[in-house]
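Using the UniProt record's numbering, read the sequence shown as starting at 1 and increasing by one per residue. Below is one structure, written out as structure tokens, with a few remarks after it.
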Amino acid sequence: MLTWKDVINYSVKGNPEPDRRVEKSDSEWREELTPEQFKIARQKGTEAPGTGALCSIHDEGQYNCVCCNTSLFDSTIKFESSSGWPSFTQPITKNAIKYEKDTKFGMVRVEVMCNVCDAHLGHVFPDGPEPNGLRYCINSESMVMDKSVKPAH
């Protein structure tokens, strides 16, 4: 189980190796994504709070990267954070997520990205529920839900 200390270490000292890499040009990504998905996932945008299609969905399944379909989060670790974005306590695997220090807008945060294709997902904060206290605050436009995959937990 990842902790805030692990997140900070990854953001400072480097991330775990992904299982694979997917790299495409901006024009290739534009062909595959909607304009909103491209703005958020490839240009590090943010959807308005409470507007994401996945905010209020609590169906069983798996949340995958909208760009490369990498498994990111399991529905069993999704929780209602009242933040306006889908929130999770853990990634599916330790190496699914890439962490980088983000100092934009006069704040210090930890940005989370898909470790396979570098798609911007959102941010992680140390104010989540027990047992690890993490809150992965993720843009709906950065993910697709696969309801055919049943949670392993």
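The beta-carbon is built from N, C-alpha and C at its ideal position, and this holds for glycine as well. Only a predicted model underlies this, so the values are computations on that prediction, with no experimental measurement involved.
Alpha helix (DSSP H) segment containing residue i, residue limits
| i | result |
| --- | --- |
| Ser142 | Neither: Ser142 is in no alpha helix (DSSP H) and is coded neither H nor E. |
| Asp26 | 26-32 |
| Asn9 | 4-13 |
Contacts around residue i, its chain only, beta-carbon distance under 7 angstroms, and the 5 residues preceding and following it disregarded
| i | result |
| --- | --- |
| Glu17 | Asn95 |
| Asn139 | Ile40, Thr46, Glu47, Gly52, Trp85, Leu121, Gly122 |
| Ser11 | Tyr99, Glu100, Lys101, Val110 |
| Thr3 | Asn132 |
| Pro129 | Phe79, Thr89 |
| Lys44 | His120 |
| Lys150 | Glu60 |
Beta carbon of residue i nearer than 8 angstroms to that of residue j
| i | j | result |
| --- | --- | --- |
| Trp29 | Arg21 | no |
| Val144 | Val7 | no |
Endpoints, the beta strand (DSSP E) within which residue i is located
| i | result |
| --- | --- |
| Asp109 | As written in the sequence, residue 109 is Arg, which differs from the Asp given in the question. Looking at the DSSP string, the run of the beta strand (DSSP E) that includes Arg109 is 109-114. |
Cβ-based neighbour list, residue i, same chain, cut-off 6 angstroms, excluding 5 preceding and 5 following
| i | result |
| --- | --- |
| Phe88 | Phe73, Ile77, Lys78, Tyr136 |
| Lys147 | Asp59, Gly61 |
| Gly84 | Pro49, Gly50 |
Paired residues, beta bridge with residue i - DSSP
| i | result |
| --- | --- |
| Tyr63 | Phe73, Met145 |
| Val124 | Val110, Tyr136 |
| Ile97 | Cys114 |
Stretch-stretch touch, CB-based, cutoff 8 angstroms, three pairs: the stretch 100-116 with the stretch 26-36: Cβ pair count under 8 angstroms is below three, so no.
The stretch 79-88 touching the stretch 49-57, judged by at least three CB pairs closer than 8 angstroms: The stretch 79-88 makes contact with the stretch 49-57: 3 or more CB pairs, one atom from each, lie closer than 8 angstroms.
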